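Here is the structure we will look at, set down as structure tokens.
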Amino acid sequence: MGATQVKQKMGKSVQMTSVEDFLDNVAYQKLKKLLHETFGIDCNGYRDEYLKRRFAIRLNATGANTYSRYVRYLKKNPAEFNLVLSNLTVNYTTFFRDSDVYVYLEKTVLPRLFKSKEVRIWSAGCATGEEPYSLAILVHKLLGKELSNYNVTIFASDLVEVALAKAVEGEYNKKQLMGLADSLIGKYFSNSGESYKVKDFVKQMVRFEKHDLMKPSLRKGFDLILCRNVMIFFARESQQQIHMHFYNALRAGGYLVIGKSEVLGGEPSRKFLCSDVNCRVYQKSLADGCCRPSCDLRVAKADALSLNNSAGGQSIVVQ
20 MGATQVKQKM GKSVQMTSVE DFLDNVAYQK LKKLLHETFG IDCNGYRDEY LKRRFAIRLN
80 ATGANTYSRY VRYLKKNPAE FNLVLSNLTV NYTTFFRDSD VYVYLEKTVL PRLFKSKEVR
140 IWSAGCATGE EPYSLAILVH KLLGKELSNY NVTIFASDLV EVALAKAVEG EYNKKQLMGL
200 ADSLIGKYFS NSGESYKVKD FVKQMVRFEK HDLMKPSLRK GFDLILCRNV MIFFARESQQ
260 QIHMHFYNAL RAGGYLVIGK SEVLGGEPSR KFLCSDVNCR VYQKSLADGC CRPSCDLRVA
320 KADALSLNNS AGGQSIVVQ
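Residue numbers 20 to 338, in our numbering, belong to the letters of the sequence shown in order.
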């Protein structure tokens, strides 16, 4: 084969590859559109490299080597939609994950909130329920018999129905309870063979619902919102949009807790006050417009003294 023929063949190969790549990218965009039409999820808010990595798992599992084939497979197998959606989010979580964050909530944030008899908390991106149940346990331990005098509601949301179903069930194995003190397990879980189920009085404190974080919350007036280790899935612009959704959903003086590897950027960084930089706890200003960031907020001595007395001077989380 002459040099001219080789060049012509290589040119055709490159041209074919470019066409195939173009068509597969069209199918990739179509897949995102299908998910939006089916679930209302805005895939454009996610980073492309993340989406493609998660989609690849389902492409391999179904034997579809291209997005074009996978889109055709989806249309013939509607049940696959739930599987690909479940695969978009990483549902790994643990009870009292990052214990120092819960200690800060226990010692600083919750005592301030409990000056009011009505407290609304939102665990956004709750996965299989470990976070909202951890919050419920913490609230119950803090208030004790006084809990009946308060109206504490913990809302917990996720986009993935499979994860929400597990959260509502509230059943976990011993490995999932790793790190919890035996006293907490005995008080807040019922043991049945190899499984441990959250007791009903804890479940009654939590309300689960489906919600897409890219959309504004229909609920307002939250005192505390936790959305931790979720923003890594989203593009920077979408992160800022979601954080502003939280800002608007919080009452004045309310708190936002994000993941330890996450940051506030853009407008949210100018809106929120920094309550604790290490635990990534932020506060909505008591008066909009007075939003200069500050990381030297201090809990009142009376708050700390009151809580230490009620908890025997020790942290509930690490007991």
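All residues carry an ideal CB built from backbone N, CA and C; glycine is no exception.
Note that the structure is a prediction, hence the values are computed from the model and not measured.
Item to check | For residue 10, the first and last residue of its enclosing alpha helix (DSSP H) | outcome: The requested residue 10 does not occur in the structure, where the chain is confined to residues 20 to 338.
Item to check | Boundaries (first-last residue) of the beta strand (DSSP E) holding residue 245 | outcome: 241-246
Item to check | For residue 41 and residue 225, the rounded distance between their alpha carbons | outcome: 47 Å
Item to check | For residue 103, three-class secondary structure by DSSP | outcome: helix
Checklist entry - Got a sec? Which residues, its chain only, sit under 7 Å from residue 33 by beta carbon, not counting five neighbours each side? => result Residue placement at residue 33 is poorly supported in this model, since its pLDDT is 40, which falls under 50; the coordinates are not used for a value here.
Next on the checklist: As a quick exercise: from 273, 276 and 257, pick the residue whose alpha carbon is nearest that of residue 13.
Outcome noted: Any property of residue 13 remains undetermined from this structure, which presents the chain solely from 20 to 338.
Checklist entry - Which runs of the beta strand (DSSP E) spanning at least 3 residues fall entirely within the stretch 34-74, listed in chain order? => result none
Item to check | Inter-residue Cα distance where the pair is residue 277 and residue 78 | outcome: 32 Å
Next on the checklist: I'd like to know whether the C-beta atoms of residue 132 and residue 242 end up nearer to each other than 7 Å.
Outcome noted: yes
Checklist entry - When we look at the beta-carbon of residue 95 and count the other beta-carbons within 10 Å, is it buried (16 or more) or exposed? => result exposed
Checklist entry - Rounded C-beta distance between residue 221 and residue 155? I'm assuming under 8 Å. => result 5 Å
Checklist entry - beta strand (DSSP E) containing residue 339: first to last residue? => result Only positions 20 to 338 of the chain appear in this structure, which leaves residue 339 out of reach.
Checklist entry - Is the beta carbon of residue 186 less than 7 Å from the beta carbon of residue 147? => result yes
Checklist entry - Roughly how many angstroms separate the alpha carbons of residue 19 and residue 249, rounded to a whole number? => result Residue coverage of the chain in this structure runs from 20 to 338, which leaves residue 19 outside it and unanswerable.
Checklist entry - To which residues of the same chain is residue 201 closer than 8 Å at the C-beta, ignoring the five residues directly before and after it? => result none
Checklist entry - Could you give the residue range of the beta strand (DSSP E) that holds residue 303? => result 300-303
Checklist entry - Rounded to a whole number of angstroms, what is the C-alpha to C-alpha distance between residue 223 and residue 92? => result 41 Å
Next on the checklist: For residue 84 and residue 128, what's the separation of their Cα atoms in angstroms?
Outcome noted: 50 Å
Next on the checklist: So, under 8 Å CB-CB, residue 287 and residue 266 are touching, yes? Tell me the CB distance rounded to an integer number of Å.
Outcome noted: 6 Å
Next on the checklist: For residue 192, report the span of its beta strand (DSSP E) as first-last.
Outcome noted: 190-192
Checklist entry - Excluding five sequence neighbours on each side, which residues of the same chain lie with their C-beta closer than 6 Å to the C-beta of residue 137? => result 170
Checklist entry - Excluding five sequence neighbours on each side, which residues of the same chain lie with their C-beta closer than 6 Å to the C-beta of residue 261? => result 232
Item to check | Alpha-carbon to alpha-carbon, residue 189 and residue 153 | outcome: 12 Å
Checklist entry - Which of helix, strand or coil does DSSP assign to residue 77? => result helix
Checklist entry - Among 295, 210, 247 and 284, which has the Cα closest to the Cα of residue 143? => result 247
Next on the checklist: Helix, strand or coil for residue 267? Go by DSSP, reduced to three states.
Outcome noted: helix
Item to check | Start-to-end residues for the beta strand (DSSP E) that takes in residue 294 | outcome: 291-295
Next on the checklist: Measuring straight from C-alpha to C-alpha, what distance separates residue 199 and residue 150?
Outcome noted: 13 Å
Item to check | Option nearest residue 298 by Cα separation, candidates 52, 68, 123 and 99 | outcome: 123
Checklist entry - Is it true that the CB of residue 271 sits closer than 7 Å to the CB of residue 239? => result no
Checklist entry - Excluding the five sequence neighbours on either side, which residues of its own chain have a C-beta within less than 7 Å of the C-beta of residue 216, listed in chain order? => result 189, 190, 208 and 209
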